Every structure is written in structure tokens, then in C-alpha cells.
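I have placed the structure first, in the form of C-alpha cells, so that the comments after it can refer back to it.
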Amino acid sequence: MSHAGAEATGLSIPRIPRIETLLSQMTPFEKAGQLSQLACHGPADEKTIAAVRDGLVGSFLNAPSLEHRNELQRVAVEESRLGIPLVFGRDVIHGYRTIFPIPLGQGATFDPDLAQKAAAIAAREASETGIDWVFAPMVDIARDPRWGRIAEGCGEDPLLTSQLGAAMVRGFQGTGGPHRVAACAKHYVGYGACEAGKEYNTTWIPERLLREVYLRSFQACVDAGVLTVMTGFNDLNGVPATGNEFILRAILKGECGFSGFVVSDWASIREMITHGLCADEPNAALRGISAGVDMDMAGRIYVDHLPGLIESGAVSAALVDDAVRRVLLVKHKLGLFERPYVQPPRQSVAVCEEHRAVAQQVVRESLVLLKNEGGVLPLARMERSIAAVGPLVDDPFEQLGCWAFDGRREDSVTVLTALRARFAGRAEIHFARGLPDCRSTDTTGFEEAARAAERADVTLAFVGENANLSGECRSRAFLDLPGAQQQLLERIARTGRPLVVVVMAGRPLLIEPICSLAKAVLVAWHPGTMGGPGIVDVLSGDVSPSGKLPVTFPRALGQIPIYYAFKNTGRPPGTDHRGIPTGTPLDPVGFETSYLDVDVSPLYPFGFGLSYTTFEYQDFSVSPIKARVGEPVTVRIRVRNTGSVEGVEVVQLYIRDLVASTTRPVRELKAFQRVALKPGESAAMEFALTAADLAFPGRDMKPTTEPGRFDVFVGGNSLAPLGGSFELV
Ligand code: GLC
1114 MSHAGAEATG
1124 LSIPRIPRIE
1134 TLLSQMTPFE
1144 KAGQLSQLAC
1154 HGPADEKTIA
1164 AVRDGLVGSF
1174 LNAPSLEHRN
1184 ELQRVAVEES
1194 RLGIPLVFGR
1204 DVIHGYRTIF
1214 PIPLGQGATF
1224 DPDLAQKAAA
1234 IAAREASETG
1244 IDWVFAPMVD
1254 IARDPRWGRI
1264 AEGCGEDPLL
1274 TSQLGAAMVR
1284 GFQGTGGPHR
1294 VAACAKHYVG
1304 YGACEAGKEY
1314 NTTWIPERLL
1324 REVYLRSFQA
1334 CVDAGVLTVM
1344 TGFNDLNGVP
1354 ATGNEFILRA
1364 ILKGECGFSG
1374 FVVSDWASIR
1384 EMITHGLCAD
1394 EPNAALRGIS
1404 AGVDMDMAGR
1414 IYVDHLPGLI
1424 ESGAVSAALV
1434 DDAVRRVLLV
1444 KHKLGLFERP
1454 YVQPPRQSVA
1464 VCEEHRAVAQ
1474 QVVRESLVLL
1484 KNEGGVLPLA
1494 RMERSIAAVG
1504 PLVDDPFEQL
1514 GCWAFDGRRE
1524 DSVTVLTALR
1534 ARFAGRAEIH
1544 FARGLPDCRS
1554 TDTTGFEEAA
1564 RAAERADVTL
1574 AFVGENANLS
1584 GECRSRAFLD
1594 LPGAQQQLLE
1604 RIARTGRPLV
1614 VVVMAGRPLL
1624 IEPICSLAKA
1634 VLVAWHPGTM
1644 GGPGIVDVLS
1654 GDVSPSGKLP
1664 VTFPRALGQI
1674 PIYYAFKNTG
1684 RPPGTDHRGI
1694 PTGTPLDPVG
1704 FETSYLDVDV
1714 SPLYPFGFGL
1724 SYTTFEYQDF
1734 SVSPIKARVG
1744 EPVTVRIRVR
1754 NTGSVEGVEV
1764 VQLYIRDLVA
1774 STTRPVRELK
1784 AFQRVALKPG
1794 ESAAMEFALT
1804 AADLAFPGRD
1814 MKPTTEPGRF
1824 DVFVGGNSLA
1834 PLGGSFELV
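Counting in this note's numbering, the sequence shown tops out at residue 1842, every number present.
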């Protein structure tokens, strides 16, 4: 095995006397134990408790209760030879008891501060039940909505995902307060590039693309101090991520300077046998530890085989000690040596009003208004009668979304409940589900829904996906509305009454058939516990929508993968983004990057979202227009609210590096900022572009900033017009 740099084998990891002493005392079995996480499926049996007592368990996944967690901890601390505390982990992905919008919805807020607040609440609620470590944030970049786990990340853009992921790390890990939990950046790396969007499928990612797109969000989490990283299931360029020394030691522990510990995904060390990389379990153990995976999640590979490998000298003690040191250091940082037990709270903070209020704010900011014809939204005061239909208008469970294990339907507030509360005494609410469930084809409820629509001034239809149609192992080869939902919308539309459609799903769907029927379309993702009130705040006009798409919405399945930061190619479609006609002199059109049967543009682009007001961008300037490489360039713009209601705009700044030693995308998001403006109010925005902002992996794969011209685009979505240009000399 080639020894990567000193830092890659942890020689740069701090030496804490208590940890070094323990390390010197530990047997190979105890070391292997610290590197083993057992899944807990209920109260531990005698065999498991004996393993804890023998120091053969370092961590549990999903302790069933606080009492049980403390009992296992007592055995570890008071009955094992060295008294090393256990660390308890759990999937707390977008909230614990207070469920926030799914991370893709949090991506739509473009609001890192709010995402940090939400994570801190999740940590507070989780830590009081004995959880020390959450397996979040998931910072996989996803450009393929067929992949069910697109729901769990913050979308297609590395900068957006980096800023939100780092904010979530800060929220979970806090500033060392008593409620901090260890965060876990996952799934390292490139898991979202699974071929054909098929779950667990093979990924081929050239190093340049790894560095330009997939690694950045992990670097951001490391820079934010993330204590753990989880490897992905994916075969990465022929070497599964869990056995890939290049990404784990050379890059993560080397270049990125990661000093926490790496945990495998569920039994993904063992799965290297199935991948065909390892012949047997001892070989998988050797491969995993050598590659840089410090802890084995639920695989029993390390605890069964590492002691033998250490004793036979097949694996160097230094490598194993580095892994154990990293695990013990995280336990030390979490204060588990001093405070191994968690006292039940006098007053639980779970789902308290304060937490609900923050969750409602996240819902408000996550909603993306894609269409609003004739100002059908917001629901004006004169609405005397509103029809509320669709399988998701009143489903307290499905609105929680995927990975919401600890959310409870009885805590959820549905849209129907919120509508009735908001419009009590002001408007009649006619409720008709229309379909029992998103996947149902039972159309017997259609007529009741149509009658409700006929009696109403406007019909609100809530359609989309069940929670279990996205998340892990939930890839879909079709992205239409499941079941007979589209038919229900068509039946409602035939009443001729104004139709507003709210789409609750864990991914972009093919919504052109919806948009053709509806006067307004609002994307609500899966909004979580406070989905109802947050959505009604926006539908009613109490709050203007400000969400922006964190992921592209395609016109057709065949366009996938489709994303905004594409390359120009030698024959870009139509005119390029500067309005310069393309095509060759002989064939002015036709021989260009396109399809015969669908427009190459997306249905709705990354960064897009409407407001109830309008914004204008004025006074663009960039200075200096000639800057030396390394000198910051400042972009200024004035944003004005030119409408009649207050709103929040997400100002987005994109660049295009026109000529470089490798081709660059036609747009790259380099900054974004939310700004609240009252009617007529304007704000002067200023963005500094540094050399690092303009850098990309050069031919030598090192971050490079090259001289040349850059176009700058500033606006409310990724198709923002050209503002101006500057040149690096
Ligand atoms: C799952 C997921 C991972 C999760 C882990 C523990 O397979 O891939 O995201 O954190 O196992 O449940």
C-alpha cells in the first residue's frame, strides 16, 4: 500500500495525553472495537452487552431510548476495562421531532443562516434523547432527478450546497454548547452521479469533474469543522468509495486536511466483496482500513478481522492507531469522557412553539412560485369560497417527506387545517380529497372534487409524491405525477374554474402537463411538520414567495442529466448567452447541440422563482475592469422592488470564464444574497470576486486562476442577463 502524505495517515492529528495513554493500553481487539458501530434494533441482548463490556463496540446506530442508551453507556464506562464511552448516531436529516422541509427544499431557500438555525434545533431535540452524532448533512451534488436521494441534498450546484452544508454543520455542531452533536458530511464522494439515476449504481467521474463539482461541498464541510464523513456505496471509477485510498487519504485526509473520522455507509466495507474488489472479509477489512475508512458501520468486518490483521502484521499498527485516535478525538471533542450520560430534560423542547415557528419560516422560504397567471395568487380577500383538493391537502404523514423517522403525524399541521384556521369567517373551504393517495387510480372521488371546484372562486390542488417515493432506494424511471393525479387535475380543469396547483415531491417532476392546466404552480417539496401554515402564509399573501429552484426542472425525461452549469460545446444551440448567433456559415441553424423533438432549454432553470412583486436590477458595475490575477474584482448592482407588495429577492451572481486552459461552464454561481425590499425600496448590493472564486482545477488539477475575460451576470435566476465583463491580466 503506498503511504500517502504524513497528514493522510493522521500524523497531523493532535496528540491528547488521555487519548495517547488509552491507545498505548488498548489491545488489538479493543482497537477494533472502537472502530465498530453496531446497529441497534431494540434493547440490546446479553451478547451485545457482553461485547460492550469487552470493549468490542465503539458506537451504536439508533439506540431505541434514552434509558437504553444510558444503560449501554454505563456498561461501557463502568464495566469495560478502559471505560471508553460509546458514541450514539442516528439519521437526523431534516429535523428530529420538528421536521423541517426536506434538504432540497432548504436548498430552495438560498438561506444558509436559516438552515443553520434549523440544524441547531434538530441537534437540540436529538441530543436530549441521547443522540451524540447525526448522519447529516448530505452534501451530494445531484443532477439527475430520477435519483431518489436528490431529496436529501441541496440540489445541483456546488456553491449552494457548500454554503448550506457548512451552515448545517455549524448548526449541528454548534459552538461547543451542551446540545452539540457531531455532524457527518455524506456520502463521500460522487454518489449522486450514479449512472441513469439508478440507486447504488456505478459512477464514472473524471478527477477534473470530481474537483470542479463533487468535492467542493465536502471541502466546505471540512472547513466548517465537520467531525465525521461517511463514504458512499458507489463504485467510483472502478474503486468503490469505501476502499478508495485516493479520495480518502490523498484528498480528504491529505489535501482537505480532514482531522475527524470516516465512517463507512451501512456495511459498505463488506460490500466491497460484492463489488468484486475484495476476495473475502479479511481482505475487505484490510482494504477499508488501508484506504482510510476509520469506522465500520453495521458491517462487523473490523471487529471480526482487524485483530488478526494487526497480529499478522498485514496492517500497520500506525494506521489502526490513526483510525482509533480519530474516533477517540471526536468522543473527546463531544465531551463524552466527561459527560457520558444524558439526563432526561425537565421540560422537553421537542416541537415547542419556538421550533415550530422556525420550521414555518423555513417552509415559507422554501416555496418556489413557478407560474402565476393573472395574479390568481395571492388568494385575494374577495375569495369567498375556496376548494381544497388532492391527496396531499390533508396528509400529516406524507408531507413530512423521506428520512423523517422521528417526526410524528400528530405533530404535523396540514394545509387543510391551516386553510380553515386562516380563512375562518372569511371564506368557505370546500374540501374533497379526490384521490385517497398519490399513487391511487381510484377515480371515484373525482366528481366530489369537481363539485367542490364548481362551488369555489378558486381551487387549490395539492398533488405530488408520497414520502416514500424519494429517499434511499427510491429511484424512478418516470417523473410524472404518480397514480391518477394528472387525471384529477384535468377533471378539475374541465370545470373552467381557476386552478392553483401545489406540488409536494422529493424531486423535480415533469410538470409541463400541470402547468398547462393551472393558472399558478407552487413547488412545496415535502414541507415537514409546519407545511400547512407555511404554505398558507404564502398562498394567502401574508408572505410573498421567495424560493428559488436549487435544481433544474426538465421538459422531458430524455433531457436528463440537465443542469445550468453546462459547457458551451463547439455548436451551442441558437445563439449563445451573449446573443451571438452560432451555427456555421454553411448551415446557419440545425447543426447544433440540440434534440429533434424537444427544446434543449429546461422547463424552469436553476435559480428561478417568482415573487408577488417584481424586482428590477439597475446600476450594474464591475471594477476594476482590468485586474491582476489575485486582485479582487467588485461587482455592484442595485435591486429595486418595482411592485406593490414587499418581497424578498435572492440576488444571484454568475460568471463565465470565456477562455481557459480547460473549457469552462457557460455559467457558474459565485455568490447569492437574499434581500428584503418594500415597494419602491431599493438596495445596493456588492459582491467581491476573489482569485479563489475564479479558480478551477488546472491541467495539473491544482486550483488555478488564469488571466482572460470573464462575463458577469446578476439577476434572479441562472438566465440573468449579461451585466458586464472584466479581464484578469
Ligand atoms: C443508509 C444511508 C445513509 C444512512 C445510513 C444509516 O444506508 O445510505 O445515508 O445514514 O445508512 O442509516
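Even glycine gets a Cβ: it sits at the ideal position worked out from N, Cα and C.
Remember, predicted model here, so these are calculated numbers, not experimental data.
Per DSSP, the beta bridge partners of CYS1297 are THR1341. Look at ARG1439 here: in three-state DSSP terms it is helix. Straight-line spacing of the CA atoms in PHE1728 and PHE1510 works out to 37 Å. Scanning its chain for C-beta atoms nearer than 6 Å, with the 5 sequence neighbours on each side dropped, one finds around GLU1312 the residues CYS1586 and SER1588, in chain order. Closest by C-alpha distance to ARG1684, out of PRO1667, PHE1666 and GLU1705, is GLU1705. Less than 8 Å separates the beta-carbon of PRO1626 from that of GLN1599. Short note on ASP1655: C-beta not closer than 7 Å to any heavy atom of the ligand GLC. At the C-beta level, GLY1266 and LEU1217 come within 8 Å of one another. Residue environment analysis places ARG1780 among the buried positions, since at least 16 neighbouring C-beta atoms fall within 10 angstroms of its C-beta. Within the region 1634-1721, the complete alpha helix (DSSP H) runs of at least 4 residues fall at 1644-1652. Of the other Cβ atoms in all chains shown, 16 or more fall within 10 Å of the Cβ of ALA1228; this residue is therefore buried.
From the listed residues ALA1500, VAL1616, SER1657 and VAL1528, the smallest Cα separation to ILE1605 is found for ALA1500. Checking the 7 Å criterion, the Cβ of HIS1181 is out of range of every heavy atom belonging to the ligand GLC.
By DSSP's assignment, GLU1819 forms no beta bridge with any residue. Rounded to the nearest angstrom, the gap between the Cα atoms of PRO1491 and ALA1470 is 22 Å.
Closest in alpha carbon position to VAL1247, among ALA1773, ALA1740 and TRP1516, is TRP1516.
The alpha carbon of ASP1253 has as its nearest neighbour, out of ALA1239, ALA1232 and SER1275, the alpha carbon of SER1275. Of the candidates ALA1233, MET1251 and ALA1296, the residue whose Cα lies closest to the Cα of GLY1284 is ALA1233.
Taken in chain order, the complete alpha helix (DSSP H) segments of 4 residues or longer contained in the region 1385-1438 are 1394-1404 and 1414-1425.
Within a 10 Å sphere around the beta-carbon of GLN1765 sit 16 or more other beta-carbons, which makes this residue buried. Between ALA1740 and PHE1839, the gap from beta carbon to beta carbon is short of 8 Å.
If the five residues before and after PHE1679 are omitted, its C-beta is found closer than 7 Å to the C-beta atoms of PRO1778 and VAL1779, all from its own chain and listed in chain order. Nearest to ASP1257 by C-alpha distance, out of THR1755, LYS1661, GLY1310 and GLU1238, is GLY1310. With a 10 Å radius around the Cβ and a threshold of 16 neighbouring Cβ atoms, GLN1731 comes out exposed. Three or more pairs of CB atoms, one per stretch, sit closer than 8 Å, so the region 1201-1221 contacts the region 1641-1660. Annotation for ASP1524 indicates a beta carbon at 7 Å or more from all heavy atoms of the ligand GLC. If you look at ALA1545, you'll find it in the beta strand (DSSP E) that goes 1541-1545.
Using a 10 angstroms sphere on the CB of ILE1364, the tally of other CB atoms reaches 16 or more, which defines it as buried. Shown here for TYR1454: same chain residues with a beta carbon closer than 7 Å to its own, the five before and five after excluded, namely ASN1183 and GLN1186 in chain order.
Only buried fits SER1831, as 16 or more other CB atoms lie within 10 angstroms of its CB. If you ignore the 5 residues before and after GLU1143, its C-beta comes within less than 6 Å of the C-beta of GLY1168, all in its own chain and listed in chain order. PRO1810 has PRO1816 as its beta-bridge partners, per DSSP. The C-alpha of SER1381 lies about 11 Å from the C-alpha of ALA1398. Here the residues close to the ligand GLC, judged by CB distance below 7 Å to any of its heavy atoms, are LEU1174, ASP1204, PHE1248, MET1251, LYS1299, HIS1300, MET1343, PHE1346, ASP1378, TRP1379, MET1410 and GLU1585 in chain order. By a beta-carbon distance limit of 8 Å, VAL1282 does not contact ALA1239. Their separation comes to about 15 Å. DSSP lists GLN1765 as the beta-bridge partner residues of GLY1828.
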